[in-house]
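Chains as they are written, first to last, in this note's numbering: chain A, 30 to 309; chain B, 30 to 309.
Number of protein chains: 2
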Amino acid sequence: MAMKTVSTWKSHGGVQGVYTHASDVCGCDMTFAVFVPPQAAEGPLPVLWYLSGLTCTHANVMEKGEYRRLAAELGIIIVCPDTSPRGENVPDDKDDWQFGSGAGFYVDATVEPYARNYRMYTYITEELPALIAREFPADMERQSIFGHSMGGHGALTIALKHPDRYRSCSAFAPIVEPTTAGWSSKAFERYLGSDQDSWRKYDACALVKDGARFSEFLIDQGAADSFLDEGLRPWLFEECCREAGISLTLNMREGYDHSYYFISTFMNDHLRWHHQRLTA
Amino acid sequence: MAMKTVSTWKSHGGVQGVYTHASDVCGCDMTFAVFVPPQAAEGPLPVLWYLSGLTCTHANVMEKGEYRRLAAELGIIIVCPDTSPRGENVPDDKDDWQFGSGAGFYVDATVEPYARNYRMYTYITEELPALIAREFPADMERQSIFGHSMGGHGALTIALKHPDRYRSCSAFAPIVEPTTAGWSSKAFERYLGSDQDSWRKYDACALVKDGARFSEFLIDQGAADSFLDEGLRPWLFEECCREAGISLTLNMREGYDHSYYFISTFMNDHLRWHHQRLTA
Numbered sequence: 030m031a032m033k034t035v036s037t038w039k040s041h042g043g044v045q046g047v048y049t050h051a052s053d054v055c056g057c058d059m060t061f062a063v064f065v066p067p068q069a070a071e072g073p074l075p076v077l078w079y080l081s082g083l084t085c086t087h088a089n090v091m092e093k094g095e096y097r098r099l100a101a102e103l104g105i106i107i108v109c110p111d112t113s114p115r116g117e118n119v120p121d122d123k124d125d126w127q128f129g130s131g132a133g134f135y136v137d138a139t140v141e142p143y144a145r146n147y148r149m150y151t152y153i154t155e156e157l158p159a160l161i162a163r164e165f166p167a168d169m170e171r172q173s174i175f176g177h178s179m180g181g182h183g184a185l186t187i188a189l190k191h192p193d194r195y196r197s198c199s200a201f202a203p204i205v206e207p208t209t210a211g212w213s214s215k216a217f218e219r220y221l222g223s224d225q226d227s228w229r230k231y232d233a234c235a236l237v238k239d240g241a242r243f244s245e246f247l248i249d250q251g252a253a254d255s256f257l258d259e260g261l262r263p264w265l266f267e268e269c270c271r272e273a274g275i276s277l278t279l280n281m282r283e284g285y286d287h288s289y290y291f292i293s294t295f296m297n298d299h300l301r302w303h304h305q306r307l308t309a
Numbered sequence: 030m031a032m033k034t035v036s037t038w039k040s041h042g043g044v045q046g047v048y049t050h051a052s053d054v055c056g057c058d059m060t061f062a063v064f065v066p067p068q069a070a071e072g073p074l075p076v077l078w079y080l081s082g083l084t085c086t087h088a089n090v091m092e093k094g095e096y097r098r099l100a101a102e103l104g105i106i107i108v109c110p111d112t113s114p115r116g117e118n119v120p121d122d123k124d125d126w127q128f129g130s131g132a133g134f135y136v137d138a139t140v141e142p143y144a145r146n147y148r149m150y151t152y153i154t155e156e157l158p159a160l161i162a163r164e165f166p167a168d169m170e171r172q173s174i175f176g177h178s179m180g181g182h183g184a185l186t187i188a189l190k191h192p193d194r195y196r197s198c199s200a201f202a203p204i205v206e207p208t209t210a211g212w213s214s215k216a217f218e219r220y221l222g223s224d225q226d227s228w229r230k231y232d233a234c235a236l237v238k239d240g241a242r243f244s245e246f247l248i249d250q251g252a253a254d255s256f257l258d259e260g261l262r263p264w265l266f267e268e269c270c271r272e273a274g275i276s277l278t279l280n281m282r283e284g285y286d287h288s289y290y291f292i293s294t295f296m297n298d299h300l301r302w303h304h305q306r307l308t309a
């Protein structure tokens, strides 16, 4: 589990780095990005996890997310993991962008041949946090989590299962009910098998219906997002939260799509929202 | 010269677009990016040109430059052209990243077979401005120009030849004396021939020595830039400006390299500097 540095760049007074390590959980080398702001010289800093969407690696948000200026000002470490295991020995389906490489869906697969490597849930919640705690000036008592699309799904479900670990959770255009959305239910079947009860712990709506709770959520959603009606459907989560008494701020953003041009527009709003809760 | 829209994205309240047109000057289709801020609804806005470096297209700064948030706040149109002609009928040297595609060096080539297409100087100073004036809500009486590396060279030389057109000029890590730098002098010979006198009008240091003047310059340069000593050498331009009585602010930035992690760090400084001069 030793970590290797792939690249570092000075940026906004801090250090944007890319790192790899041999992941025991995923059975392959895993790459991730971390931004450490300049305030790290003075002591451990809070950590904000960003989980990316389908087809992404750690690099998409690192290059296009525009989080560094404000993270450097506020003093927040930003961790950007990959979205799946990768490598020659990792089974994949190269013709399907909604399964395999780039599409780990933040679950622990139970079906072979995927069960050995596709364990992104445990990777994100156990192995990588332990590495971050050991290798970076991180205050692991102050963690929050957010993400985009499939990564929004990851953030919501992981927060709902760890309400005492994460101080706050938000999402850009999350997949709120992946068990019933076309672009995720097929992957769930291949990773988790045909028993749909086993899917519910990886579905934000189902988790809330089954009793999971979190303090509050913030969601920004582009109203011109082409995946809105079939894949994302934030109104399903809105209804679940209302019935469960969970506070949800859902901002529908007129004219915005699913791209990083949308994400970067509202990135600062999310950073400030998390910072308030990380430092409260 | 009719313009086609390739893509548009709403971002920071404005519109980031990518467009193509059949360029008469370059003899091929040319692609460029324009960001139009929300204030365009109220009337024409000043225009800031960003010229990119070797290997880049319009897309690099559009994706990684982090200019939209502040440009939207200040109300500045940002135009990001490509760095060379491209296409099946455009002669190229695919083995040389310092010549041909992605390496137009903002000159008008005079040597065949390059003279027909490699006319980036006229493209940037005549054809594209005419298109921008016609197709966008641009106040062409208020233009400024900046760029990175090869594009910094482009910005400095174009401003020095048009001191009345551009209100201000700045650069990130510019090639200030391309006629004597290894990564540019070979390209100059292939585009312009062996008569080195003909190269001087495309060299910022030579232009100043030959009498060209501009009101003032701002340059940011990473002190850890691996191209600093052999390719960039801002001290050469500093000396020319001092001898010519031209005001130059040269900021050497400790620890920063040649990447967009450096550019995006100082982007806001440059935008504010140009905005002051565009609205003075």
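Every residue gets a Cβ at the ideal spot worked out from N, C-alpha and C, and that includes glycine.
*Where does T49(B) sit, in a helix, a strand or coil, going by DSSP?*
Position 20 of the second sequence, counted from the first residue, corresponds to residue 49(B). Looking at T49(B) - three-state DSSP - the assignment turns out to be strand.
_Closest to G42(B) by C-alpha separation, out of W212(B), V35(B) and A100(B), would be which residue?_
In the second sequence, counting from the first residue as 1, residue 42(B) sits at position 13. Comparing Cα positions, the closest option is A100(B).
*Apart from the five residues just before and just after S293(B), which ones in its own chain have a Cβ nearer than 7 Å to its Cβ?*
The residue labelled residue 293(B) in the question sits at position 264 within the second sequence. Within the same chain, K93, G94 and E95 come within 7 Å of S293(B) by CB-CB distance, once the 5 residues on both sides are set aside.
_Paired residues, beta bridge with A177(A) - DSSP_ = The sequence position of residue 177(A) within the first sequence is 148, counting from 1. The sequence given here has His at residue 177(A), not Ala. H177(A) pairs with F201(A).
*Minimum C-alpha distance to P110(A) - residue among E268(A), S52(A), E283(A) and R229(A)*: For the purposes of this step, residue 110(A) is taken as the residue at position 81 of the first sequence. Considering only alpha carbons, the answer is S52(A).
*Who are the neighbours of H87(A) on chain B, taking C-beta pairs under 7 Å?*
Looking up residue 87(A) in the first sequence gives position 58. Those within 7 Å of H87(A) in chain B number zero; the least Cβ separation is about 14 Å.
*Who are the neighbours of Q45(B) on chain A, taking C-beta pairs under 9 Å?*
In the second sequence, residue 45(B) corresponds to position 16, counting from 1. Those are Y290, listed as they occur along chain A.
*asked:* Using the Cβ count rule (16 or more neighbours within 10 Å means buried), how would you classify P75(B)?
replied: For the purposes of this step, residue 75(B) is taken as residue 46 along the second sequence, with counting starting at 1. Buried: at least 16 other Cβ atoms inside 10 Å.
*What residues in its chain sit with their C-beta under 8 Å from that of Q127(B), if we drop five residues either side in the sequence?*
Here residue 127(B) refers to the residue found at position 98 of the second sequence. Cβ neighbours of Q127(B) beyond the five flanking positions: L83, W212, S213, K215 and A216.
*asked:* Could you check whether V54(B) and T139(B) sit closer than 8 Å to each other, using their CB atoms as the reference points?
replied: The residue given as residue 139(B) occupies position 110 in the second sequence. The residue given as residue 54(B) occupies position 25 in the second sequence. Their beta carbons are not under 8 Å apart, which means T139(B) does not touch V54(B) by this criterion.
*Are the C-beta atoms of D254(B) and some chain A residue less than 8 Å apart?*
Taking the second sequence and counting its residues from 1, the one referred to as residue 254(B) is at position 225. Cβ-Cβ to chain A under 8 Å: no for D254(B).
*With 8 Å as the threshold, decide whether the Cβ of Y285(A) is near any Cβ in chain B.*
For the purposes of this step, residue 285(A) is taken as the residue at position 256 of the first sequence. Yes, its Cβ sits closer than 8 Å to a Cβ of chain B.
*Could you tell me whether the Cβ of K93(B) comes closer than 8 Å to any Cβ of chain A?*
Taking the second sequence and counting its residues from 1, one reaches residue 93(B) at position 64. It does; some Cβ of chain A falls within 8 Å.
*Are the CB atoms of R19(B) and L307(B) nearer to each other than 8 Å?*
Since the first residue shown for chain B is 30 and the last is 309, residue 19(B) is missing from the structure and cannot be characterised.
*asked:* Measuring straight from C-alpha to C-alpha, what distance separates S40(A) and G251(B)?
replied: One-based indexing of the first sequence puts residue 40(A) at position 11. One-based indexing of the second sequence puts residue 251(B) at position 222. So the alpha carbons of these two residues sit roughly 11 Å apart.
*Whether R148(B) touches D137(B) by CB criterion (8 Å)*: In the second sequence, the residue the question calls residue 148(B) occupies position 119. In the second sequence, the residue the question calls residue 137(B) occupies position 108. Yes.
*So with Cβ pairs under 8 Å, would you call H41(A) a contact of chain B?*
Taking the first residue of the first sequence as 1, we reach residue 41(A) at position 12. At least one beta carbon of chain B lies nearer than 8 Å to the beta carbon of H41(A).
_Under 8 Å, Cβ to Cβ, is there at least one residue of chain A near W38(B)?_
Residue 38(B) sits at position 9 when you count from the first residue of the second sequence. Yes - at least one Cβ of chain A is within 8 Å of the one on W38(B).
*With a cut-off of 8 Å, does the C-beta of S178(A) fall near any C-beta of chain B?*
By one-based count along the first sequence, residue 178(A) stands at place 149. With 8 Å as the cut-off, S178(A) does not count as an interface residue toward chain B.
*Return the first residue and the last residue of the alpha helix (DSSP H) that T37(B) is part of.*
Sequence index remark: in the second sequence, residue 37(B) carries index 8 (1-based). Not the alpha helix (DSSP H): T37(B) falls in the beta strand (DSSP E), residues M32 to S40.
*Determine the contact status of W302(A) and S199(A), defining contact as a CB-CB distance below 8 Å.*
Within the first sequence, residue 302(A) is the residue found at index 273, counting from 1. Within the first sequence, residue 199(A) is the residue found at index 170, counting from 1. Against a cut-off of 8 Å, the Cβ pair of S199(A) and W302(A) comes out as a contact.
*asked:* Taking 8 Å as the limit between beta carbons, can you name the residues of its chain near K33(A), skipping five residues before and five after?
replied: Within the first sequence, residue 33(A) is the residue found at index 4, counting from 1. For K33(A), where only same-chain residues beyond five positions count, the Cβ hits under 8 Å are Y48, T49 and H50.
*Reducing DSSP to helix, strand and coil, say where V65(B) ends up.*
Within the second sequence, numbered from 1, the residue matching residue 65(B) stands at position 36. In the three-state scheme derived from DSSP, where H, G and I count as helix and E and B as strand, V65(B) is classed as strand.
*asked:* Residues in the same chain with beta-carbon distance under 6 Å from S276(A), minus the five sequence neighbours each way, listed in chain order, please.
replied: Translated into positions along the first sequence, residue 276(A) becomes position 247. Contacts found: E245.
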